[in-house]
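Under my numbering, the first residue of the sequence shown is numbered 90, with each subsequent residue one higher. Even glycine gets a Cβ: it sits at the ideal position worked out from N, Cα and C. This one's a predicted model, so the numbers in the text were calculated from it and none came from an experiment. Beneath this line is the structure, given in C-alpha cells, with notes to follow.
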Amino acid sequence: MRAVLLQLLSDRRARIGIFVIGILALLALLAPLFLPYDPAEQLGYDLLQQPPSLAHPFGTDQVGRDVFCRVIAGIRLSLTIATAAVLFSLTIGVCVGLLAGYLGGLVDTVLMRSVDAALAIPRVLLLLVLLTVFPTGIVGLVCVLALTSWFNTSRLVRAEVLSLRERGFVVATNALGYGTLRTLAKHLAPNVIGPVIVAATLGIGHMILIEAGLSYLGAGVQRPMASLGRIIEEGSTLLHQAWWISTFPGIVIVLIVIGFSLVGDGLRDAIDPKSS
C-alpha cells in the first residue's frame with residue numbers, strides 16, 4: 090500500500106486531482122465556519138440577481154440568495170450523496186461478484202444474467218422509474234443511485250475472482266476445509282480491492298454527474314436543499330439575465346469530475362503499471 094501511495098504521489102496528474110478534490114472537500118467541510126450567509130437565506134429585494142462582486146463573489150440568485158454560499162453547500166451535499174451511493178453500490182457489487190466468481194455454476198449464471206438484464210435497461214429511465222416509487226429524500230436518493238450502480242463492479246470483481254480461484258492459496262484453503270465465507274472474506278476480497286478502489290474513485294465523479302442530472306430534471310435533490318445540479322436547474326431559465334447562477338456550479342462540477350478522473354487514472358497506473 091505504501092508503494093502504491095508513493096507511486097500515486099509521484100504522478101503529476103494525480104497530484105493535481107488530489108489538490109483540486111482536497112480544496113473543494115475542505116471548503117465543504119469547513120463551510121459552517123466561514124460562510125457569511127445561510128445558503129437558504131434571502132438577503133432582500135435589493136439583492137435580487139446581483140452580478141458577482143466583492144460582497145458576493147458568485148453573485149445572487151433570483152430570490153436574493155448568495156450563490157457562493159449555495160455552491161459550497163451544494164459541494165458538501167453532492168459529495169456526500171455521491172460518496173455514500175458509491176460505497177453502498179460497491180458493497181453490493183463486490184459481494185455479488187465474489188459469489189458469482191467463486192461458486193460458479195448455477196449461481197454464477199443466475200447472477201450474471203440478472204446483471205446483463207439490468208444493464209440492458211437505460212440507466213436514466215431506470216432511475217426515474219425507481220425515484221417515483223422510492224421516497225425522494227436524501228436516503229431514498231442514495232439507495233436508488235446505489236441499487237442501479239453496482240452491475241459493472243460485480244462483473245469486474247467476478248473476472249478477478251475467476252483468475253484467482255485456481256491459484257495455490259485458494260486451493261489450499263479448500264484443502265484445509267475453510268468455509269466459503271472465510272475464503273471469500275480473508276483470501277479473495279483483499280486481492281480484488283485494488284481494482285475496486287480505482288472503480289470507486291472514478292465512480293464518485295460519475296455519480297456526481299448523475300445526481301446533478303437528476304436534480305436538474307427535478308427528480309433528485311428537492312428544494313430548498315442546495316445540490317450543484319439543483320442550483321444549475323434554478324438558474325437555467327435565467328442564463329441571459331443572470332449567467333452566474335448556473336455557470337459557477339457547472340464549473341465546480343467539471344472540476345470535481347476532472348479531479349476524481351485524474352486520481353482514478355493515477356491509482357490505476359500505480360496499482361497496475363501495465364495498464365498505462
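Closest in alpha carbon position to Val233, among Ala103, Ser243, Val222, is Val222.
Counting only residues of its own chain and dropping the five nearest sequence neighbours on each side, Pro128 has a CB closer than 6 angstroms to the CB of Cys158, Arg159, Ala162, Ala315. Counting along the chain, no alpha helix (DSSP H) covers Thr237, and no H or E run does either. Phe147 and Trp332 do not touch by the CB rule: their CB atoms are close to 11 angstroms apart, not below 8 angstroms.
In this structure, Leu351 sits near Ile105, with a CB-CB distance shorter than 8 angstroms. Secondary structure of Asp135 (DSSP, three-state): helix.
His329 sits exposed, since fewer than 16 C-beta atoms from the chains shown fall within 10 Å of its C-beta. The Cβ atoms of Leu137 and Asp155 do not sit closer than 8 angstroms to each other. In the structure shown, Asp358 adopts helical secondary structure according to DSSP, grouped into three states. Across the structure, Val213 and Leu245 are spaced so that their CA atoms are roughly 22 angstroms apart.
Buried is the label assigned to Pro338, since at least 16 other Cβ atoms lie within 10 Å of its Cβ.
Taken atom to atom, the span from the alpha-carbon of Leu298 to that of Ala248 is near 27 angstroms.
Shown here for Leu187: same chain residues with a beta carbon closer than 7 angstroms to its own, the five before and five after excluded, namely Val246, Val250, Leu273, Leu277, Ala278 in chain order.
Residue state for Asp155 is assigned as strand, using DSSP reduced to three classes.
One thing to note: Ala209 has its Cβ no nearer than 8 angstroms to the Cβ of Met201. Taking C-beta atoms under 8 angstroms as the contact rule, Ser167 and Ala289 fail to qualify, at a distance of about 16 angstroms.
Here the C-alpha atom of Arg102 lies approximately 10 angstroms from the C-alpha atom of Gly353.
Annotation for Gly294: Ile345, Val346, Phe349, Ser350 place their beta carbon closer than 7 angstroms to its own, counting only its chain and skipping 5 residues before and after.
Excluding sequence positions up to five before and after Tyr191, its CB lies within less than 8 angstroms of the CB of Val250, Arg254, Thr269, Thr272, Leu273, Leu277, all in the same chain and listed in chain order. As computed with DSSP, Thr169 is found in no beta bridge at all. Restricting attention to alpha helix (DSSP H) runs no shorter than 4 residues, the stretch 92–142 encloses them at 101–123, ordered along the chain. In this structure, the straight-line span from the alpha carbon of Gly257 to that of Val175 is close to 32 angstroms. With a 10 Å radius around the Cβ and a threshold of 16 neighbouring Cβ atoms, Arg319 comes out buried. Looking at the DSSP output, Thr149 bridges to Asp155.
Cα atoms of Leu94 and Ala359: separation of roughly 8 angstroms, rounded to the nearest angstrom. Judged by their CB atoms, Leu236 and Gly309 are not nearer to each other than the 8 angstroms cut-off. Spatial neighbours of Ser325 in its own chain (CB-CB distance under 7 angstroms, excluding positions within 5 residues in sequence) are listed in chain order as Ser335.
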